[in-house]
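Heads up: the sequence shown at position 23 corresponds to 28 in the working numbering, and the numbers run straight through without jumps. Backbone N, C-alpha and C fix where the C-beta goes; we use that ideal spot for every residue, glycine too. Worksheet: one structure, shown below.
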Amino acid sequence: MTHPELQNLRALFTGDPDVQPSMMFGSACLKVRGKVFTAFHAGFMVFKLPPDAHAGALALEGARRWNPSGRRVLREWVAVPEEQHAHFQELALAAARFVGSSLRRKNNV
Numbered sequence: 006m007t008h009p010e011l012q013n014l015r016a017l018f019t020g021d022p023d024v025q026p027s028m029m030f031g032s033a034c035l036k037v038r039g040k041v042f043t044a045f046h047a048g049f050m051v052f053k054l055p056p057d058a059h060a061g062a063l064a065l066e067g068a069r070r071w072n073p074s075g076r077r078v079l080r081e082w083v084a085v086p087e088e089q090h091a092h093f094q095e096l097a098l099a100a101a102r103f104v105g106s107s108l109r110r111k112n113n114v
């Protein structure tokens with residue numbers, strides 16, 4: 006089942022064929038051209054962010070680096086608590102641009 010905050014973020018990308026809902030680690034997520042850029046996991050929205058947005062997201066109260074397995078922090082990911090939902094749209098847009106642009110660089114598109 007999709008979390009309401011993730012549904013709200015999905016609405017930002019209505020009409021963008023590159024963005025699709027999916028699943029990651031048993032949680033609902035959004036992907037841009039097949040690569041995850043945001044998900045709802047264990048009470049947090051998680052975002053894959055470039056360095057500048059990453060630092061800003063970590064500065065939000067309750068935010069932390071994302072460590073889904075408990076063994077290894079995923080360096081570009083930030084887990085942001087639901088209480089910070091006012092920042093989710095901005096972070097999702099930054100994450101989609103970041104992941105989408107890294108795919109273009111990788112594929113020379």
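Own chain partners of residue i with C-beta closer than 7 Å, once the 5 adjacent residues on each side are dropped
i	result
Thr45	The sequence given here has Phe at residue 45, not Thr. Taken in chain order, the residues that qualify are His8, Glu10, Leu11, Ser32, Ala33.
Met28	Cys34
Collapsed DSSP secondary structure at residue i in the structure displayed
i	result
Ala33	strand
Val83	strand
Met6	At Met6, the pLDDT of 46 sits below 50, so the modelled position is not reliable and the matter cannot be decided from this model.
Pro56	helix
Ser27	strand
Phe18	coil
Val104	helix
Glu88	helix
Ala44	strand
Contacting residues, own chain, Cβ-Cβ under 8 Å from residue i (five flanking each side not counted)
i	result
Gly75	none
Val24	Arg15, Phe18, Leu35, Lys36, Val37, Ala101
Val85	Phe49, Met50, Val51, Phe52, Ala62, Leu65, Gly67, Ala68, His92, Phe93, Leu96
Same chain, Cβ closer than 6 Å to residue i, neighbours up to 5 away in sequence not counted
i	result
Gln89	Leu65
Gly105	Val37
Leu79	Trp71
Identity of the residue in the options nearest residue i by Cα
i	options	result
Leu96	Pro73, Ala68, Leu54	Leu54
Ala47	Phe103, Ala99, Arg77, Phe30	Phe30
Leu98	Asn72, Phe42, Ser27	Phe42
Determine contact between the segment 11-29 and the segment 55-62, defined as no fewer than three beta-carbon pairs at a distance below 8 Å. no
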